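Heads up: the structure comes next, in structure tokens.
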Amino acid sequence: DAGVIQSPRHEVTEMGQEVTLRCKPISGHNSLFWYRQTMMRGLELLIYFNNNVPIDDSGMPEDRFSAKMPNASFSTLKIQPSEPRDSAVYFCASGTGTGGQGRNTQYFGPGTRLTVL
Amino acid sequence: DQQVKQNSPSLSVQEGRISILNCDYTNSMFDYFLWYKKYPAEGPTFLISISSIKDKNEDGRFTVFLNKSAKHLSLHIVPSQPGDSAVYFCAASGTASKLTFGTGTRLQVTL
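Note that the protein sequences, when read in sequence, are chains A and B.
Numbered as in my numbering, the first sequence ends at 160 without a single skipped number.
Numbered as in my numbering, the second sequence ends at 114 without a single skipped number.
See below:
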């Protein structure tokens, strides 16, 4: 079975440019999560969706960041305009949990390493 | 405010010995806890979990212990192997689907 698929794996862009990261969750999973990993802050949750609906976007750093999930098999995270401080590894994860005991295991994609010059 | 803390950024253990990774949490609403392992240039991989109704869960060489009164959990790896060298993240969740992660502990297993 294919795991979580992310593209691109690496992205190098210049400050001010728009960046779009893509994620295909595991088929049958109803939750999707976007994380950012940096040396300083570790793994931060940016936003998550249940059944394609955004549930909690309190981790989105500012209005330059937006995320969509138009259907159960695809999500995007967009940064516009990008800044050097956005450089990080961005992970997408999916899961079957909607809360409750034993149902919140998340499965991660390989990540997108973003470098903003 | 860090709700899940891994106070040891790194740990070095000899091959064959026990590795003990620690994690503390502050939110009493957390009722499900997980450990993830991460190799460089890969996403975190789920390793083992425990719910708050248990105090121990074992899977092969990996055992997670939960002390609810102390709000503390630990991951024991016995015996440690060089392939266990990775960054280990502790995570916790409550009634919502989201996980709160610690900052990770880098484990180095030496020969």
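Backbone N, C-alpha and C define an ideal beta-carbon position, used for all residues, glycine too.
Computed from a predicted structure; not experimentally measured.
Can you tell me the Cβ-Cβ gap for residue i and residue j, rounded? I've got them flagged as a contact below 8 Å.
i: residue 55 of chain B; j: residue 69 of chain B; result: 7 Å
i: residue 157 of chain A; j: residue 62 of chain A; result: 6 Å
i: residue 116 of chain A; j: residue 68 of chain A; result: 7 Å
i: residue 37 of chain B; j: residue 119 of chain A; result: In fact, because the Cβ distance is near 26 Å, the residues do not count as touching under 8 Å.
i: residue 33 of chain B; j: residue 97 of chain B; result: 5 Å
i: residue 82 of chain B; j: residue 114 of chain B; result: Not quite, the Cβ-Cβ distance comes to about 13 Å (not below 8 Å), so this is no contact.
i: residue 74 of chain A; j: residue 137 of chain A; result: 6 Å
What three-state label does DSSP hand residue i in the structure shown?
i: residue 51 of chain A; result: coil
i: residue 128 of chain A; result: helix
i: residue 99 of chain A; result: strand
i: residue 149 of chain A; result: strand
i: residue 69 of chain A; result: coil
i: residue 83 of chain A; result: coil
i: residue 113 of chain A; result: strand
i: residue 93 of chain A; result: strand
i: residue 139 of chain A; result: coil
i: residue 121 of chain A; result: strand
i: residue 6 of chain B; result: coil
i: residue 111 of chain B; result: strand
From residue i to residue j, what distance separates their C-alpha atoms?
i: residue 92 of chain B; j: residue 127 of chain A; result: 26 Å
i: residue 80 of chain B; j: residue 70 of chain A; result: 32 Å
i: residue 72 of chain A; j: residue 105 of chain B; result: 24 Å
i: residue 52 of chain A; j: residue 153 of chain A; result: 8 Å
i: residue 46 of chain B; j: residue 102 of chain B; result: 15 Å
i: residue 41 of chain B; j: residue 62 of chain B; result: 18 Å
i: residue 112 of chain B; j: residue 10 of chain B; result: 19 Å
i: residue 65 of chain B; j: residue 25 of chain B; result: 13 Å
i: residue 78 of chain A; j: residue 21 of chain B; result: 31 Å
i: residue 76 of chain B; j: residue 12 of chain B; result: 16 Å
i: residue 49 of chain A; j: residue 134 of chain A; result: 8 Å
i: residue 159 of chain A; j: residue 59 of chain A; result: 9 Å
i: residue 73 of chain B; j: residue 23 of chain B; result: 17 Å
i: residue 57 of chain A; j: residue 43 of chain B; result: 25 Å
i: residue 87 of chain B; j: residue 108 of chain B; result: 12 Å
i: residue 143 of chain A; j: residue 35 of chain B; result: Interpretation of residue 143 of chain A is limited by its pLDDT of 49, a score under 50 that renders its predicted location unreliable; no figure is taken from the coordinates.
Discussion item. At a CB distance below 9 Å, what residues from the segment 32–50 of chain B approach chain A? Give them in sequence order.
Written reply: 34, 35, 37, 39, 41, 44, 45, 46, 47, 48 and 49
Worksheet item: Which whole runs of the beta strand (DSSP E) in the segment 9–97 of chain B are 3 residues long or more, in chain order?
Response: 13–17, 22–28, 35–41, 48–54, 59–62, 65–70, 75–80 and 89–96
Fill in: Residues, ordered as in the chain, of the segment 91–104 of chain A that lie near chain B by beta-carbon distance below 8 Å
91, 93, 98 and 99
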